[in-house]
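Numbering-wise (full-length UniProt numbering), the sequence shown opens with residue 1 and increments by one. Glycine included, C-beta positions come from ideal geometry on N, C-alpha and C. In this text, all values refer to a predicted model and were calculated from it rather than measured experimentally.
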Amino acid sequence: MSNTSQKSTDLTAKPLTTISGHEGYITRVAYLPGGERVVTCSDHKTIRIWNVKKGEQEGTSMVHEYWIYDFAVTRDGKRILSGGIDSRIRVWDVETHEQIEEWASHTSHINRISLSPDDQLAASGMEDGKIVIREMKESGEIKHSIHTGRRVTSLCFSPNGEKLACAISIFMGIYIIQVYDVESGELVHSPINSPYKDIVSCILWSHDGSQLFSASYNRTIRCWDPETGESIGEPWTGHTGAVYSLSLSPDGTKLASGSDDNTIRFWDSRSGDPIEHPLQHEEHVYA
1 MSNTSQKSTD
11 LTAKPLTTIS
21 GHEGYITRVA
31 YLPGGERVVT
41 CSDHKTIRIW
51 NVKKGEQEGT
61 SMVHEYWIYD
71 FAVTRDGKRI
81 LSGGIDSRIR
91 VWDVETHEQI
101 EEWASHTSHI
111 NRISLSPDDQ
121 LAASGMEDGK
131 IVIREMKESG
141 EIKHSIHTGR
151 RVTSLCFSPN
161 GEKLACAISI
171 FMGIYIIQVY
181 DVESGELVHS
191 PINSPYKDIV
201 SCILWSHDGS
211 QLFSASYNRT
221 IRCWDPETGE
231 SIGEPWTGHT
241 GAVYSLSLSP
251 DGTKLASGSD
261 DNTIRFWDSR
271 SGDPIEHPLQ
281 HEEHVYA
């Protein structure tokens with residue numbers, strides 16, 4: 001046997017770049033168009049933009065007075081909307097990092113922010129169970145204010161922008177998924193699934209709108225038919241800790257999930273079968 005064949009091959013995935021600088025937990029990550037820059041936010045009150053190749057921060061940090069829970073980037077990559085414990089949405093210029101607008105009148109902490117596919121509407125979900133849908137071009141004028149339940153833990157516009165799915169708490173420790181018509185603000189489906197006994201941390205539409213994925217603290221991922229509200233297949237299992245985040249590949253065939261078991265796992269988005277090897281982190285993966 002040759003020396004070459006005797007050598008073991010290390011198939012462990014290695015990070016291409018490691019970016020550091022935040023002083024708190026990183027709670028959200030998103031690429032800017034083009035893939036050369038990435039936006040992050042943390043519970044230490046800052047939003048930062050990084051050069052991916054260099055691993056260096058670009059410009060100054062965008063700062064809140066209190067913890068930031070979520071942000072969203074417009075499709076053209078020119079604006080960032082952020083919100084958190086201060087109950088305000090701040091709108092930032094991506095190039096100058098300056099605050100352009102501030103939208104108040106929220107009644108509670110802002111847990112999640114989502115933008116419609118055409119960037120015309122911004123939805124925010126709050127700790128007190130309210131969802132506010134605002135007009136982007138009208139300086140945040142409120143289109144709908146929807147009272148859902150006790151707490152909004154996730155929300156997401158459908159690919160065609162006609163529906164808004166949200167995960168909410170209805171009783172202490174019981175969570176469901178609802179779907180609203182964006183134009184009317186009326187409830188379309190409720191609940192879309194049997195109630196969870198653990199927090200639904202993330203919901204995500206498939207690119208064609210035919211599936212709705214959910215992640216939960218109960219360590220599972222589930223796939224739903226948004227028209228019937230029925231489960232598609234069995235829960236996806238593999239994580240050994242709470243699942244915090246979901247993301248689809250550009251072609252929609254793979255789903256990635258992040259968990260407090262310190263891994264990112266990959267799944268076939270149609271079958272729910274695990275694919276490839278998990279990526280290992282040293283700490284919990286929140287985004």
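Of all the options the options, which has the alpha carbon lying nearest to the alpha carbon of residue i?
{"i": "S105", "options": "H239, L204 and S139", "result": "S139"}
{"i": "residue 290", "options": "W236, M62, K163 and I176", "result": "With the chain covering 1 to 287 only, the question about residue 290 has no answer from this structure."}
{"i": "K130", "options": "D118, S116, A123 and H147", "result": "H147"}
{"i": "S124", "options": "F171, G77 and I110", "result": "I110"}
{"i": "Y217", "options": "D225, G209 and L246", "result": "L246"}
{"i": "D268", "options": "D198, G241, I221 and G59", "result": "I221"}
{"i": "S108", "options": "Q120, S61, T240 and I89", "result": "I89"}
{"i": "H239", "options": "S231, C41 and G258", "result": "G258"}
{"i": "D128", "options": "G233, Y69 and R150", "result": "R150"}
{"i": "D198", "options": "A167, D208 and K54", "result": "A167"}
{"i": "K137", "options": "A165, I100 and E276", "result": "I100"}
{"i": "T237", "options": "E230, H207 and S271", "result": "S271"}
{"i": "A30", "options": "T74, F171 and S231", "result": "T74"}
{"i": "N262", "options": "H281, W103 and A215", "result": "H281"}
{"i": "D118", "options": "G77, E276 and T60", "result": "G77"}
{"i": "V284", "options": "G55, A242 and P250", "result": "Correcting the residue type first, residue 284 is His in the shown sequence and not Val. Ranking G55, A242 and P250 by Cα distance to H284 puts A242 first."}
So what does residue i bridge to, in DSSP terms?
{"i": "L246", "result": "S257"}
{"i": "R151", "result": "S169"}
{"i": "H144", "result": "I133"}
{"i": "H189", "result": "V179"}
{"i": "L279", "result": "I264"}
{"i": "P274", "result": "W267"}
{"i": "V63", "result": "T46"}
{"i": "L164", "result": "F157 and Y180"}
Any beta-carbon of chain D closer than 7 angstroms to the one on residue i?
{"i": "A72", "result": "This model lacks chain D altogether; it includes just one protein chain."}
Roughly how far, in whole angstroms, is the beta-carbon of residue i from the beta-carbon of residue j, given that I think they are within contact range, below 8 angstroms?
{"i": "I80", "j": "F71", "result": "6 angstroms"}
{"i": "H64", "j": "S82", "result": "7 angstroms"}
{"i": "R182", "j": "G161", "result": "Strictly speaking, residue 182 in this sequence is Val, with Arg absent from that position. That belief holds up - the Cβ atoms of V182 and G161 are roughly 6 angstroms apart, short of 8 angstroms."}
{"i": "I264", "j": "L279", "result": "4 angstroms"}
{"i": "M62", "j": "W92", "result": "5 angstroms"}
{"i": "Y244", "j": "I26", "result": "That belief does not hold up - the Cβ atoms of Y244 and I26 are roughly 11 angstroms apart, past 8 angstroms."}
{"i": "L32", "j": "V94", "result": "7 angstroms"}
{"i": "S190", "j": "Q178", "result": "4 angstroms"}
Original post:
Is the region 132-147 touching the region 196-212, taking contact as three or more C-beta pairs under 8 angstroms?
Top reply: no
Original post:
Should the region 18-28 be called in touch with the region 40-59, which here means at least 3 C-beta pairs below 8 angstroms?
Top reply: yes
**OP:** Give, in chain order, every unbroken run of the alpha helix (DSSP H) that is at least 4 residues long and sits entirely within the UniProt repeat "WD" (19-60).
**Re:** none
Original post:
Is it a yes or a no for the region 154-166 touching the region 110-121, going by three-plus beta-carbon pairs under 8 angstroms?
Top reply: yes
Original post:
What runs of the beta strand (DSSP E), each 3 residues or longer, lie entirely inside the UniProt repeat "WD" (193-234)?
Top reply: 200-205, 212-216 and 221-224
**OP:** Taking only runs that begin and end inside the region 68-140, name each unbroken beta strand (DSSP E) of 3 or more residues, in chain order.
**Re:** 68-73, 79-84, 89-93, 99-103, 110-115, 121-126 and 130-135
Original post:
With contact counted as at least three CB pairs below 8 angstroms, one residue from each stretch, are the region 224-232 and the region 247-260 in contact?
Top reply: no
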